[in-house]
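> For reference, the structure I am asking about is given below.
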Amino acid sequence: MKKVGVAVLGLGVVGGGTCRILIDRKKQIAEEYGVDIDIAAVLDRIPERVTNLGLDLSILAKDIDEICDNPNVNIVVECMGGSEPARTFLIKALEAGKSIVTSNKEMFAKFWPDLEKAAAKTGAGLYYEATTGGGMPIIRTMTQAMQANGIQEIKAIINGTTNYILTRMTEEGADYQQVLKDAQALGYAEANPVADVEGYDSSYKLSILSSLAFNKRVPVDIIYREGITKITAEDIRIAKDMGFVIKLLAIAKQRGDKIEARVHPVFLPKSHPLANVNGSFNAVFVVGDAVGDIMLYGRGAGALPTGSAIVSDVVFCARQVEHARYPEMFNVMTQDQIVSDFESDYYLRLNARDVSGVIADIASVFKKYKVSISQMRQDESKEVIPVIFITHKTTEKAMKQAIEEIKSLPNVLSVENVIRVEK
Ligand code: HSE
4 MKKVGVAVLG LGVVGGGTCR ILIDRKKQIA EEYGVDIDIA AVLDRIPERV
54 TNLGLDLSIL AKDIDEICDN PNVNIVVECM GGSEPARTFL IKALEAGKSI
104 VTSNKEMFAK FWPDLEKAAA KTGAGLYYEA TTGGGMPIIR TMTQAMQANG
154 IQEIKAIING TTNYILTRMT EEGADYQQVL KDAQALGYAE ANPVADVEGY
204 DSSYKLSILS SLAFNKRVPV DIIYREGITK ITAEDIRIAK DMGFVIKLLA
254 IAKQRGDKIE ARVHPVFLPK SHPLANVNGS FNAVFVVGDA VGDIMLYGRG
304 AGALPTGSAI VSDVVFCARQ VEHARYPEMF NVMTQDQIVS DFESDYYLRL
354 NARDVSGVIA DIASVFKKYK VSISQMRQDE SKEVIPVIFI THKTTEKAMK
404 QAIEEIKSLP NVLSVENVIR VEK
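So for the sequence shown, the numbering used here puts the first residue at 4; every next one is plus one.
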């Protein structure tokens, strides 16, 4: 039977979960897939993590060079997170002819071409199922099961932390700050939540998914990004009343010879399949021109779900005679290939004085910029009234111009929030 040695870099939650599965399923994997996988080396600063997994301390390497020089290591699994030193370690491993399996979305989204270049030199494999959607097999679905399709659209909830926060705000009517604090106390959100709540994490994952979808690298920095920090309990309440939920979506669409790639909160009709993806769950909705709609749903994070994706990559990699190459990652999409003035319906919430003509003034600004109103509501009559509009499809540019002019109307006191509506 083929013997395969794995080195695991980082024995935190994901690395620990991966080792657990590799140990517990060793026999079953050998019987079913004909590969006998051993953990041949590990790299971590905390020796107890090695012994807690029941592994022998003798496999704890002192540095990455020791792993690169170890002839028993065939595959390096990286679960360290962050750009560096993960990138440097993996380039070294690839140059030493070791295949790599990574769960590190930030590093992978930013440095995919560097890794591909190093891998191509030695013929080593590059596997990254766990970077996106945790336990959901979305990467293999897109690379191995959708060859017959041109991908037209991706809509995804690919950040569990923000989905957990928005779900609790929806269920409890609670404020963003209060739920964030709870999520941090429960370990759902990081002490520094910026990567999640400002949408960076989703944009790394969307960069990976959209690059696969459009066969061209979509760099992170050309993806439009907006997080959830401006969503208030009031917006959530109004959304609910009007038959919507608010979700942070990652969206990529083919638009002629251009694409749209964006991460931002949206009003989503309650009937949309993604509207019912709650808590820390993830889901990816893909539209292929042959297959139509596909949706994957599952746990996007955690020791065993992410470990499941990593071990699947390890087994897949171990059985390959020749690894797939991705030369298209050297063909990089530029800002002018992105639709910047994309069209959308909008939700607009503002505060105005309850005086005659205020709505007519706002409507005349909308008319000037050809923004058509689909719904309007005005909450209880007080001196200051909250007014809510949902528009029909309009361009980003027209909406921005209209909002700037509405802000300067004498009886409009403030524009409180603007959120796109996704049908
Ligand atoms: N921070 C990520 C999330 C973890 O909240 O979904 C998995 O990438």
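The beta-carbon is built from N, C-alpha and C at its ideal position, and this holds for glycine as well.
Just list the residues that DSSP pairs R143 with in beta bridges.
Looking at the DSSP assignment, R143 forms no beta bridge with any residue, so it has no partner.
> What do you reckon, are the CB atoms on M402 and V358 nearer than 8 Å?
No. Outside cutoff.
> Roughly how many angstroms separate the alpha carbons of M332 and I142, rounded to a whole number?
Their Cα atoms are separated by approximately 15 Å.
> Under a three-way DSSP split, which group does K5 fall into?
Strand, per DSSP.
> Given the structure, does P137 come close to the ligand HSE, in the sense that its CB is under 7 Å from one of the ligand's heavy atoms?
The question names Pro, but residue 137 in the sequence shown is Gly. It does: the Cβ of G137 is within 7 Å (strictly closer) of some heavy atom of the ligand HSE.
> Entirely within the stretch 239-297 and at least 3 residues each: give me those beta strand (DSSP E) ranges in chain order.
The qualifying runs are 247-258, 261-272, 284-291.
> What residue range does the beta strand (DSSP E) around V381 cover?
The identity of residue 381 in the sequence shown is Gln, whereas the question assumes Val. Counting along the chain, the beta strand (DSSP E) containing Q381 begins and ends at 376-381.
> CB of G163 to nearest heavy atom of the ligand HSE: below 7 Å?
Checking the Cβ of G163 against the ligand HSE gives yes.
> Please report how far the alpha carbon of M4 lies from the alpha carbon of E35, in whole angstroms.
Those two C-alpha atoms are separated by around 12 Å.
> For the beta strand (DSSP E) containing R423, list its first residue and its last residue.
Looking at the DSSP string, the run of the beta strand (DSSP E) that includes R423 is 415-424.
> Would you call the CB atoms of L299 and A286 closer than 8 Å?
In this structure, A286 lies closer than 8 Å to L299 by Cβ.
> To the nearest angstrom, report how far apart F468 and V79 are at their CA atoms.
Since the first residue shown for the chain is 4 and the last is 426, residue 468 is missing from the structure and cannot be characterised.
> Can you determine whether any heavy atom of the ligand HSE sits closer than 7 Å to the C-beta of A194, and answer yes or no?
Result no, Cβ not under 7 Å from the ligand HSE.
> Helix, strand or coil: how does DSSP classify E408 here?
Note: E408 maps to helix in three-state DSSP.
> Are there any heavy atoms of the ligand HSE lying less than 7 Å away from the beta-carbon of D204, as far as the coordinates show?
Yes, since a heavy atom of the ligand HSE falls inside the 7 Å radius drawn around the Cβ of D204.
> According to DSSP, S2 sits in a beta bridge with which residue or residues?
Outside the modelled stretch of the chain, which goes from 4 to 426, sits residue 2, for which no answer is possible.
> Taking buried to mean at least 16 other C-beta atoms within 10 Å of its own C-beta, is G30 buried or exposed?
According to the sequence shown, residue 30 is Lys rather than Gly. Counting Cβ neighbours within 10 Å, K30 comes out exposed, since fewer than 16 surround it.
> Three or more C-beta pairs closer than 8 Å, one from the stretch 83-99 and one from the stretch 22-29: is that the case here?
Result no; under three Cβ-Cβ pairs closer than 8 Å.
> Give a single yes or no on whether D27 has its beta carbon closer than 7 Å to a heavy atom of the ligand HSE.
No, the beta carbon of D27 sits no closer than 7 Å to any heavy atom of the ligand HSE.
> Is it true that the CB of L129 sits closer than 8 Å to the CB of E81?
No, the pair does not count as a contact, with Cβ atoms beyond the cut-off.
> Can you give me the Cβ contacts of N77 inside the same chain, cut-off strictly under 7 Å, excluding the 5 residues immediately before and after it?
Taken in chain order, the residues that qualify are V7, G8, K101, S102.
> Check whether the Cβ of N162 lies closer than 8 Å to any Cβ atom in chain D.
No chain D is present in this structure, which holds just one protein chain.
> Taking the alpha helix (DSSP H) that A33 falls in, what are its first and last residues?
Unbroken alpha helix (DSSP H) run through A33: 29-36.
> Within the same chain, show all residues whose beta-carbon is closer than 6 Å to that of F392, passing over the 5 residues directly before and after it, in chain order.
L351, I376, M379, listed in sequence order.
> Helix, strand or coil for S102 per DSSP?
It is a strand residue.
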